[in-house]
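Colleague: The structure under discussion is supplied below as structure tokens; questions concerning it will follow.
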Amino acid sequence: MSRLSSKAGLLRDLGKKALVTYIVAGDPDQSVTVPLMHKLVAAGVDVIELGVPFSDPEAEGPVIQRAHERALRAGTSLLDVMQLVAEFRNLDQATPVVLMGYLNPIEKMGYENFAQQASKCGIDGTIIVNLPPEEAADLSCYLEQHDIESVYLLAPTTTPERAAGISSRSRGFVYYVSLKGTTGAGSLNTAEVSGKVRAMKKIVKMPLYVGFGIKNGVTAAAVAHESDGVVVGSAIVDYMAFHENNIGELETSVVTLVQEIRSALDALVA
Amino acid sequence: MSDRYSGVNEKQPLLPDERGHFGIYGGKFVSETLMAALDDLENEYSRLKVDENFLATLNSDLEHYVGRASPLYHAQRLTEAAGGAQIWLKREDLNHTGAHKINNCIGQAILAKHMGKPRIIAETGAGQHGVAAATVAARFGLSCCVYMGSEDIERQSHNVYRMKLLGAEVVPVTSGSKTLKDALNEAMRDWVTNIDDTHYIIGTVAGPHPYPMIVRDFQAVIGREAKQQFASRQGGLPDAVVACVGGGSNAMGIFYPFLDDQDVRLVGVEAGGSGIASGQHAAPLTAGEVGVLHGNRTYLMQDKNGLIAETHSISAGLDYPGVGPEHAWLKDIKRAEYVAVTDQEALAAFRQLNLLEGILPALESSHALAYAMQLAASLPVEQHIIVNLSGRGDKDVPTMAKIDGISIG
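In order, the protein sequence lines correspond to chains E and W.
The first sequence runs 492 to 761 under my numbering.
The second sequence runs 903 to 1311 under my numbering.
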């Protein structure tokens, strides 16, 4: 079993809420990424989602689009992202790292080559935004051979029948997209999300983490009341944009936000 | 019922398959939020394409609103200048709004009405699809938002104002290369956000399934008419059919009814920009590689890391790094051939058609004309080539004037 499934299972057994954070690898440049990953772990992050920058990130809102642009300006390729994970593994063998991105860079690298390299670099899973399970058979086959887990997404528009099929294919956890929209969109109606999550939990047997629209401790706690964990992306990336020219400030502000969310989640189960 | 749109034609190959694949191409590569909407669209379309009322409404609008059938014109002076095979022009430029784009927009607007969606969105490059979408929105009482790259807004200001006159909102897209591909990204982002009340009218035979199929079916009226017109005017079948390919909707529309006629050469003409060797072009079928973008697997312009490359063409409507998946399939099975002509060659053809036939073609269509003239020169006079003159060039007059150093204000 990979680090990802083990960790998600352990958190569930302990009754702890999972905190997953998203940053784009290479944002604002590649020297920032690995030290920041270690600081995220120290601040209480359970799983790191590492965005792979892409020229056409069609599911992202403006905040994460710009992060992709910054990382691409810094010359960050898929291969670079994998090497950053390998570097992270020199000091951290425990924290699951999941790559999140779009299919084309992986297609270009070749599925088998990608799976081999990713495994070698210590990558535990993938979330590919534009790869629904229907199109994923070939890639999953290679990923499974190399013990890399595929995490799939559920959306507010997903029918119960689809949700059952998707959750049976997802490994580690299932990512529930809280709202119809792009990343970083508007404000979350936490009561509505909770209702949806309750309904989804009847279908989905594995850990269900909720992402999109979680900005701070308050929204995280409200959402995690029903879910097994939360994914925080745009709120962190927003700080990174604001402090892109002062890495000290960048790290401090991100760590402060993560600590706030960690405390809010822990208070739920205390 | 007229023969303008008869739904499924049993004689055609049954592609795409039920999951939207043309061989290895096509498919549904989208975020989960969109999957339900694509399923709804597919179900609604399957139901409506055999529904008498739907077909009656569509055919009536194609005749009385769009002005179909469009003429098939024997361009004799152009033929003489090319010095070979006879050149015929399928006059999609004479449609209401000045291009073939309206054929698809009428169909999809009626679909949107049936699905109870009061709002439509569209992406546009040259502005022709945006104008057609804004037009049908006005015609059917739908609200309309058009996404357009800020660079294209600059080069197609005439169409931007036209869309505004039609009551549409035009949203400039400043991300990425600020052209058609980025407008498509932004339209997808809008759709995922407003999926409950919005139908996305994709303007070309690309995007996730069922779009490549739906747009092809609505555009196939071009080929059905051309085939029948040619048979009654000249008899038999043409020797070749030539059309420009950006996303590929006008080409797919004229090719589709000829797919089973193996003796008819089908030639798609891509934008060669400054020349294929220069790398400054928009010709993924000629010089691209297979990848996944905008919901489908197809040939793409991309770099060694799988990032989508910036494209170049004098014509905004062809300035797109991908191409419809059915074209990718037709290329691989060698049923159609794909070539590229440069900006300069297209400009020369643009001027020639003005001078020799008194017809102002769109710069997009000028690519097809340029290749058709080369092809005609290599064929005997008793052979026949149909060129899809997909749009008129009024929108390109400012670009031409700028090239000629003339200020027209």
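Where is the CB? At the ideal position from N, CA and C, for every residue including glycine.
This structure is a prediction, so every number in the text was calculated from the model and none was measured.
(1) Can you tell me the Cα-Cα spacing of W:F1252 and W:A977, whole angstroms?
(2) Is the stretch 1212–1229 of chain W touching the stretch 627–647 of chain E in the sense that three or more CB pairs, one from each, lie closer than 8 Å?
(3) Taking 8 Å as the CB-CB limit, is E:K611 close to chain W?
(4) List, in chain order, every chain E residue whose beta-carbon is nearer than 7 Å to that of W:E934.
(5) Distance check for E:E683 and E:V690, CA to CA, integer angstroms please.
(6) Does the stretch 918–931 of chain W come into contact with the stretch 619–627 of chain E, if we say contact requires no fewer than three beta-carbon pairs (one atom in each stretch) closer than 8 Å?
(7) Helix, strand or coil: how does DSSP classify W:K1236 here?
(8) Would you mind giving the Cβ-Cβ distance between E:P773 and E:V523, rounded to the nearest angstrom? I have them listed as a contact below 8 Å.
(9) Please list the partners that E:G675 has in chain A, where partner means a Cβ-to-Cβ separation under 9 Å.
(10) Any residues in the stretch 935–966 of chain W with a beta carbon nearer than 9 Å to a beta carbon of chain E? Which ones, in chain order?
(11) Is the number of C-beta pairs between the stretch 597–617 of chain E and the stretch 576–588 of chain E that are closer than 8 Å three or more?
(12) Anything in chain W within Cβ reach of E:V620, meaning under 8 Å, just list it in chain order.
(13) Would you kindly work out how many angstroms separate the C-alpha atoms of W:E994 and W:L1262, rounded to a whole number?
(14) Taking Cβ positions, are E:V714 and E:V721 nearer each other than 8 Å?
(15) Which runs of the alpha helix (DSSP H) fall wholly inside the stretch 937–1011 of chain W and span at least 4 residues, in chain order?
(16) Do E:R753 and E:L510 have their beta-carbon atoms positioned less than 8 Å apart in this structure?
(17) Against chain W, with Cβ distances strictly below 8 Å, would E:Q556 count as a contact?
(18) Of all the residues that make up the stretch 538–550 of chain E, which are near chain W by a beta-carbon distance shorter than 8 Å?
(19) By Cβ distance below 6 Å, which residues in the same chain neighbour W:D1092 in space, the five residues on each side in sequence not counted?
(20) If I follow the unbroken beta strand (DSSP E) through W:E1172, where does it start and stop?
(21) How about E:E640 and E:S493: are their beta carbons less than 8 Å apart?
(22) On the premise that W:V1075 lies in contact with W:E1088, defined as a C-beta separation below 8 Å, what is that separation, rounded to the nearest angstrom?
(23) What is the DSSP secondary structure of W:D905, counted as helix, strand or coil?
(24) Counting only C-beta atoms, is W:G1078 closer than 8 Å to chain E at any point?
(25) Roughly how many angstroms separate the alpha carbons of W:R906 and W:R1126, rounded to a whole number?
(26) Nearest to W:M937 by CA position, among W:D1098, W:D1162, W:D1141, is which residue?
(27) With H, G and I counted as helix, E and B as strand and the rest as coil, what does DSSP make of W:N1198?
(28) Does the distance from the C-beta atom of E:V665 to that of E:A550 stay below 8 Å?
(29) Considering only their Cβ atoms, is the gap separating W:Y1113 from W:G1170 smaller than 8 Å?
(30) List the DSSP bridge partners of W:V1075.
(31) Under a three-way DSSP split, which group does W:S1045 fall into?
(32) Check the Cβ-Cβ distances between W:L1209 and every residue of chain E, and say whether any is below 8 Å.
(33) Who are E:V723's beta bridge partners in DSSP?
(34) Using the beta-carbon count (16 or more within 10 Å), is W:K1083 buried or exposed?
(35) On a Cα-Cα basis, can you pick out the residue from W:V1166, W:T1244, W:F1157, W:A1142 that is closest to W:T1188?
(36) Just checking, does the stretch 1130–1148 of chain W make contact with the stretch 1168–1182 of chain W on the three C-beta pairs under 8 Å criterion?
Modeller: Working from what's here:
(1) Along the second sequence, one-based indexing puts residue 1252 of chain W at 350. Along the second sequence, one-based indexing puts residue 977 of chain W at 75. Going by the C-alpha atoms only, they are around 14 Å apart.
(2) no
(3) Walking along the first sequence from the start, residue 611 of chain E turns up at place 120. With 8 Å as the cut-off, E:K611 does not count as an interface residue toward chain W.
(4) Taking the second sequence and counting its residues from 1, the one referred to as residue 934 of chain W is at position 32. What W:E934 touches in chain E: P623, L644, L645, A646, T649, V668.
(5) On the first sequence, residue 690 of chain E is found 199 positions in, with the first residue counted as 1. On the first sequence, residue 683 of chain E is found 192 positions in, with the first residue counted as 1. Note that residue 690 of chain E is Ala in the sequence shown here, rather than Val. Distance between the alpha carbons of E:A690 and E:E683: 11 Å.
(6) yes
(7) Sequence index remark: in the second sequence, residue 1236 of chain W carries index 334 (1-based). Coil at W:K1236, not helix or strand.
(8) Any property of residue 773 of chain E remains undetermined from this structure, which presents chain E solely from 492 to 761.
(9) The structure shown has no chain A; the protein chains it does contain are E and W.
(10) T935, L936, M937, A938, A939, D941
(11) yes
(12) Position 129 of the first sequence, counting from 1, holds the residue named residue 620 of chain E. Per Cβ cutoff of 8 Å: S933.
(13) Walking along the second sequence from the start, residue 994 of chain W turns up at place 92. Walking along the second sequence from the start, residue 1262 of chain W turns up at place 360. C-alpha separation (whole angstroms): 12 Å.
(14) Start at 1 with the first residue of the first sequence, and residue 714 of chain E comes out as number 223. Start at 1 with the first residue of the first sequence, and residue 721 of chain E comes out as number 230. Contact flag set, yes.
(15) 954–963, 978–984
(16) Sequence index remark: in the first sequence, residue 510 of chain E carries index 19 (1-based). Sequence index remark: in the first sequence, residue 753 of chain E carries index 262 (1-based). The answer is yes: Cβ separation under 8 Å.
(17) For the purposes of this step, residue 556 of chain E is taken as the residue at position 65 of the first sequence. Yes - at least one Cβ of chain W is within 8 Å of the one on E:Q556.
(18) F545, S546, D547, P548, E549, A550
(19) Locating residue 1092 of chain W in the second sequence gives position 190, where the first residue counts as 1. Here the set comprises I1023.
(20) Here the question's residue 1172 of chain W lines up with position 270 in the second sequence. Taken as a continuous stretch (DSSP letters only), the beta strand (DSSP E) holding W:E1172 covers 1167–1175.
(21) Reading the first sequence from its first residue, position 149 is the one you call residue 640 of chain E. Reading the first sequence from its first residue, position 2 is the one you call residue 493 of chain E. In contact: E:E640 and E:S493 (Cβ atoms closer than 8 Å).
(22) Walking along the second sequence from the start, residue 1088 of chain W turns up at place 186. Walking along the second sequence from the start, residue 1075 of chain W turns up at place 173. With 8 Å as the limit, W:E1088 and W:V1075 qualify as a contact, their Cβ atoms being about 5 Å apart.
(23) Locating residue 905 of chain W in the second sequence gives position 3, counting from the first residue. Legend: pLDDT at W:D905 = 37, less than 50; position of this residue unreliable, value from coordinates given subsequently. Of the three classes helix, strand and coil, the one that applies to W:D905 here is coil, per DSSP.
(24) By one-based count along the second sequence, residue 1078 of chain W stands at place 176. Yes, W:G1078 counts as interfacial toward chain E.
(25) Position 4 of the second sequence, counting from 1, holds the residue named residue 906 of chain W. Position 224 of the second sequence, counting from 1, holds the residue named residue 1126 of chain W. Any reading at W:R906 must be qualified, since the residue scores a pLDDT of 35, below 50, and its modelled position is unreliable; the value itself is stated next. Looking at the two C-alpha atoms, the distance is approximately 7 Å.
(26) The residue given as residue 937 of chain W occupies position 35 in the second sequence. Checked all of W:D1098, W:D1162, W:D1141; the closest Cα to W:M937 is W:D1098.
(27) The residue given as residue 1198 of chain W occupies position 296 in the second sequence. Three-state result, W:N1198: strand.
(28) Your numbering for residue 665 of chain E matches position 174 in the first sequence. Your numbering for residue 550 of chain E matches position 59 in the first sequence. Not closer than 8 Å, so no.
(29) Translated into the one-based positions of the second sequence, residue 1170 of chain W becomes position 268. Translated into the one-based positions of the second sequence, residue 1113 of chain W becomes position 211. Not in contact: W:G1170 and W:Y1113 (Cβ atoms no closer than 8 Å).
(30) As a working note, residue 1075 of chain W is residue 173 in the second sequence. BP columns for W:V1075 point to W:G1051.
(31) Translated into the one-based positions of the second sequence, residue 1045 of chain W becomes position 143. W:S1045 falls in the strand class under three-state DSSP.
(32) Taking the first residue of the second sequence as position 1, residue 1209 of chain W is located at position 307. Interface residue, yes.
(33) For the purposes of this step, residue 723 of chain E is taken as residue 232 along the first sequence, with counting starting at 1. In the DSSP output, where bridge partners are listed per residue, E:V723 has E:T512.
(34) On the second sequence, position 181 is the one that residue 1083 of chain W refers to. Under this definition W:K1083 is a buried residue.
(35) As a first step, residue 1188 of chain W is located in the second sequence; it is residue number 286 there, counting from the start. The shortest C-alpha separation from W:T1188 is found at W:T1244.
(36) yes
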